[in-house]
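Under my numbering, read the sequence shown as residues 1346 to 1709, first letter to last. Following: one structure in structure tokens, then a few remarks.
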Amino acid sequence: MDERIHEHAAVLVDWSARIEAGDDVVVSVGEGAHDLAVAVADALGERGANVVTTYASEEVQRAYLRAHDGDFDLPEHELALYEAADSVLFLGGTRNTAATADVPTETRQAYGRATSEVKEARMDTDWVSTVHPTRAAAQQAGMSFEAYADFVYDAILRDWAALADEMANMKDVLDAGSEVRIVKADTDLTMSIEGRTAVNSAASVAYDSHNLPSGEVFTAPLEDAVEGEVFFDVPMTLEGQRVENVHLTFEGGEVVDFSADAGEDALAGILDTDEGARRLGELGIGMNRGIDRFTDSILFDEKMGDTVHLAVGRAYGACLPEGEDGNQSAVHTDMITDMSEDSRIEVDGEVVQRNGTFRWEDGF
């Protein structure tokens, strides 16, 4: 086994999830993540955790959803599993990035609504999501498997404490700010972050961060205070379909017009999931310069330096004041715009990033 797989497992268990002896841990294993699952199980056994593994296959999910009549019930047994768990580790590793592309949109929406309580229970644990390199993901990224594996580990095996210190600069700016404006070609979007808390997403639950790799600072805009238009020029795969050049127009916090050069049906299906799906749940600023190219994987692409991503749908509770719910939805779908050229981010009228360079960096 590649020694980097064991290093990945150690970062996940120790730095990211902070697993301790006696913790009840659910490990969700993707189709192609077997080797990582073995390394993670070894690390969890050493720490004396209590482990249950589940199998997460896009092809199995496709078969179930396509065969079902669409009248889904809340899966109480799955809910009970996550309600009893201390931590959930999601080990992604797909064999086919488009496995669920032919599942009807209406079925996806119905399933999302029926299982929203399960999703909330998972989010209430110390969950962490990561990915094991597979040939399917390498192919989607347009890379050889060997080059893709190097890319993945360059993004994951890094000095997370040092990156956390750097990202604290952006967190401080957002925590002190009231209004964010993003400006670039076909984009002029203003959103209120008054009273919200920014998360220094340093790949650890100790930072309210749940992705490995991570490397972003994110917050939740006020759902009724987003105005203007935004253009997402980074291609992505949504619901198994390629989506390119998305344009959204917001009025009163709500998407009132949208378009895409490719995959517009998939985009429409997401925005029509429920009332909250047309409002923003997240503003994220990518700061992980160990990720140096787009790979059509949201886990990596949204963390890349010189990018901003916005998510329609559910807001994460870590950004919200106690007692405030924020935007609610069965979906949380991220879309990315490149900020490396002819662009700026303003907070309360002051430019904090220009053409991808932050004001505390050389060259600003």
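Glycine included, every Cβ here is placed at the ideal spot set by N, Cα and C. Bear in mind that the values here come from a model prediction, so they are computed numbers and not experimental data.
So if DSSP puts residue i in a beta bridge, which residue, or which two residues, is it bridged to?
i     : result
G1375 : A1401
H1654 : G1629 and I1681
M1581 : V1588
G1671 : G1671 is not bridged to any residue.
R1624 : E1599
V1571 : M1536
E1561 : S1546 and G1631
L1436 : V1374 and T1475
T1594 : E1574 and D1602
N1395 : D1369
Could you please give the first and the last residue of the uninterrupted alpha helix (DSSP H) stretch that includes residue i?
i     : result
F1496 : F1490 to I1501
T1475 : Unbroken run through T1475 is the beta strand (DSSP E), V1473 to V1476; no alpha helix (DSSP H).
D1610 : E1609 to L1616
V1525 : That residue, V1525, is in no alpha helix (DSSP H); its beta strand (DSSP E) goes E1524 to K1529.
E1695 : Segment E1695 to R1699 is the beta strand (DSSP E) holding E1695; no alpha helix (DSSP H) there.
E1511 : W1505 to A1521
I1364 : Counting along the chain, I1364 falls outside any alpha helix (DSSP H), and DSSP gives it neither H nor E.
H1351 : E1348 to A1355
F1704 : The identity of residue 1704 in the sequence shown is Arg, whereas the question assumes Phe. Neither: R1704 is in no alpha helix (DSSP H) and is coded neither H nor E.
A1483 : R1480 to A1486
L1665 : That residue, L1665, is in no alpha helix (DSSP H); it is neither H nor E in DSSP.
F1639 : Here F1639 belongs to no alpha helix (DSSP H), and DSSP marks it neither H nor E.
State the Cα-Cα distance for the pair residue i and residue j, rounded to the nearest angstrom.
i     : j     : result
L1710 : E1465 : This structure gives no information on residue 1710, because the portion of the chain shown stretches from 1346 to 1709.
I1630 : I1501 : 18 Å
L1534 : M1684 : 13 Å
E1524 : D1693 : 5 Å
E1391 : S1549 : 20 Å
V1697 : A1394 : 43 Å
G1621 : G1671 : 10 Å
L1612 : D1602 : 12 Å
L1389 : V1396 : 8 Å
Q1626 : E1568 : Correcting the residue type first, residue 1626 is Gly in the shown sequence and not Gln. In a straight line, the C-alpha of G1626 is about 7 Å away from that of E1568.
M1632 : A1382 : 28 Å
G1573 : Q1586 : 27 Å
A1386 : D1414 : 37 Å
S1537 : A1570 : 6 Å
D1520 : E1404 : 42 Å
F1490 : T1479 : 7 Å
V1579 : Q1673 : 26 Å
M1680 : T1532 : 13 Å
A1506 : T1678 : 28 Å
S1461 : T1452 : 14 Å
L1508 : G1560 : 7 Å
T1654 : K1648 : Thr is not the amino acid found at residue 1654; the sequence shown has His there. Distance between the alpha carbons of H1654 and K1648: 9 Å.
V1588 : H1555 : 25 Å
G1708 : R1699 : 10 Å
M1468 : A1443 : 25 Å
V1634 : S1604 : Note on identity: in this sequence residue 1634 is Arg, with Val being the wrong assignment. Between R1634 and S1604, the C-alpha separation is close to 30 Å.
R1299 : W1705 : Nothing about residue 1299 can be read from this structure; the chain reaches only from 1346 to 1709.
Going by CA-CA distance only, name the one from the options that's closest to residue i.
i     : options                       : result
G1437 : A1401, S1546, D1531 and G1614 : A1401
E1609 : T1460, T1439, M1536 and L1593 : L1593
S1688 : E1404, F1703 and L1612        : F1703
G1614 : A1675, V1575, F1576 and L1434 : A1675
G1418 : Y1427, A1459 and V1370        : Position check: residue 1418 holds Asp in this sequence, whereas Gly was assumed. If we check each option's Cα against that of D1418, A1459 comes out closest.
Y1409 : M1649, I1643, V1562 and T1445 : T1445
G1377 : G1635, N1556 and A1483        : A1483
V1463 : V1433, N1441 and D1447        : V1433
N1545 : E1511, H1353 and T1398        : E1511
V1374 : V1473, E1584 and P1558        : V1473
F1639 : H1677, V1497, A1570 and E1584 : V1497
K1529 : G1701, W1705 and G1367        : G1701
A1354 : Q1454, V1476 and L1655        : V1476
D1606 : K1516, I1690, E1428 and N1590 : N1590
P1420 : Y1456, I1364, T1398 and V1657 : Y1456
T1399 : Y1427, D1416, R1407 and M1488 : Y1427
E1710 : P1558, E1348 and V1371        : Given a span of 1346 to 1709 for the chain in the structure shown, any question on residue 1710 remains unanswerable.
E1669 : P1566, A1492 and E1352        : P1566
Since residue i is in the beta strand (DSSP E), which residue starts that stretch and which ends it?
i     : result
F1417 : Element bounds for F1417: n/a, residue is neither H nor E.
S1737 : The structure shown does not extend to residue 1737, since the chain is modelled only from 1346 through 1709, so no value can be given for it.
E1465 : Unbroken run through E1465 is the alpha helix (DSSP H), S1461 to M1468; no beta strand (DSSP E).
I1690 : R1689 to V1692
Anyone know if the C-beta pair for residue i and residue j falls short of 7 Å?
i     : j     : result
T1564 : C1664 : yes
A1547 : V1562 : no
F1577 : T1682 : yes
A1481 : N1441 : yes
A1425 : D1369 : no
A1362 : D1471 : yes
I1527 : I1643 : no
G1598 : R1624 : yes
D1380 : Q1485 : no
A1666 : G1522 : The displayed chain sequence assigns Pro, not Ala, to residue 1666. No.
Q1406 : T1618 : no
I1364 : V1356 : no
Let me check you understand the geometry: is the CB of residue i closer than 6 Å to at least one non-hydrogen atom of the ligand ADP?
i     : result
R1659 : With respect to the ligand ADP, the structure shown offers nothing to examine, as it has no ligands at all.
Would you verify that the beta carbon of residue i is, or is not, closer than 7 Å to some beta carbon of chain B?
i     : result
D1416 : No chain B is present in this structure, which holds just one protein chain.
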